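So the sequence shown is residues 0 to 244, counted in numbering that gives the first Met the number 0.
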Amino acid sequence: MTTYFDIETCCTCSYDHRPFDFLNIDDCPLHSRLLAPLLKNKPAIVGPVLCEDGTYRPPWAATDSLTRLYYDTTWGVPAVDENDVFRALCFQVLQSGLSMRAALAKFPALNRAFSGFDPDIVARMTDGDVDKMMDTPALIRNRTKLRAVIVNAKATVGLRQDGKRLSELVWAHRPADMPQPETILDIPESTAESKALARELKSHGFTFIGPKSVWLFMQATGIVNTHLVATGRRTFVPSLLHFDL
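The following block contains the structure:
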């Protein structure tokens with residue numbers, strides 16, 4: 000398998016990696032068009048990768064055991080329970096600007112700190128709880144993100160008071176036609192559905208979200224199927240809803 004960790008040029012997107020570190024994270028494949036001028040005559044890995052266990056996976060899930068486990072058991076599995084949907088939305092908020100692996104490594108501690116991302120419990124948390132989290136090295140210590148999780152929990156509870164459920168709201172934006180990506184270059188950065196869902200979530204008080212992050216969330220929760228066509232996960236859905244954090 001070819002990688003290019005010897006190239007030091009910084010990527011033009013905002014994530015914390017060199018251009019060809021994208022095999023280890025989920026974000027840069029969505030910015031891979033920006034890397035094309037840097038590739039010259041070197042082939043980029045943008046299609047399914049045949050791993051040593053005989054399974055084809057997308058590039059971002061092919062080289063690291065933690066991201067592979069997340070892809071095999073969680074990413075793209077339809078999440079319909081409110082807690083699972085809220086948990087996935089929080090993961091997208093907390094991961095923003097970080098590599099997939101960095102966020103996954105921190106998530107067990109975050110899961111404990113936020114009581115399993117139970118929206119009813121998280122909605123009652125205060126700035127004092129955020130202050131304690133900021134003093135905990137095991138967590139993602141970004142005050143804006145931590146506060147956003149609490150704000151979004153309150154918004155989730157508020158939806159119920161209006162006779163709505165978070166899971167129903169997000170699944171109402173499932174596109175009629177599913178993408179058929181053969182490589183990661185075929186996956187857009189956002190869609191009309193993700194833009195509409197971002198607007199609706201914001202109208203209900205959700206924060207730290209936008210069309211691109213919502214699109215990633217929609218992929219992770221199986222609302223849209225962006226598994227590469229040649230991968231086994233394109234048609235096979237695991238029975239697990241999420242891996243053990």
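Each residue gets a CB set at the ideal place from its N, CA and C atoms; glycine is no exception. All of these numbers come straight from a predicted model, not from anything done at the bench.
Query	Result
Distance CB(LEU145)-CB(VAL129) smaller than 8 Å	yes
C-alpha distance - ALA219 paired with PRO210, whole-angstrom precision	14 Å
Assigned secondary structure, VAL228 (DSSP; H/G/I helix, E/B strand, else coil)	coil
C-alpha distance - THR190 paired with ARG140, whole-angstrom precision	31 Å
PRO57 vs ILE183 beta-carbon contact at 8 Å	yes
Between the CA atoms of ARG111 and VAL228 - distance to the nearest angstrom	36 Å
Residue interval of the alpha helix (DSSP H) (run including GLU81)	81-94
VAL48 - DSSP class collapsed to helix/strand/coil	strand
ILE149 vs ALA122 beta-carbon contact at 8 Å	yes
Status (buried if at least 16 other CB within 10 Å, exposed otherwise) for ALA147	buried
Backbone CA spacing between MET177 and ARG233 [nearest angstrom]	11 Å
Delimiting residues of the alpha helix (DSSP H) encompassing ARG67	64-72
Where ARG146 sits in the DSSP three-state scheme	helix
Bridge-paired residues (DSSP) for ARG56	VAL48
Exposure label - ARG159; buried when at least 16 CB within 10 Å	exposed
Coil, strand or helix - LYS163 by DSSP	coil
Secondary structure of ALA101, DSSP reduced to three states	helix
Straight-line Cα distance separating ALA175 from ALA102	31 Å
Burial state of GLU181, where buried means 16 or more other Cβ atoms lie within 10 Å	exposed
C-beta contact flag for VAL79 and SER166 at 8 Å	yes
Spatial distance of GLN179 from PRO187 (CA atoms)	11 Å
Simplified DSSP assignment, three categories, for ASP126	helix
Extent of the continuous alpha helix (DSSP H) run through PRO210	210-219
GLY221 burial status per 10 Å Cβ neighbour count (16 or more: buried)	buried
Helix, strand or coil at THR234 [DSSP, three-state]	coil
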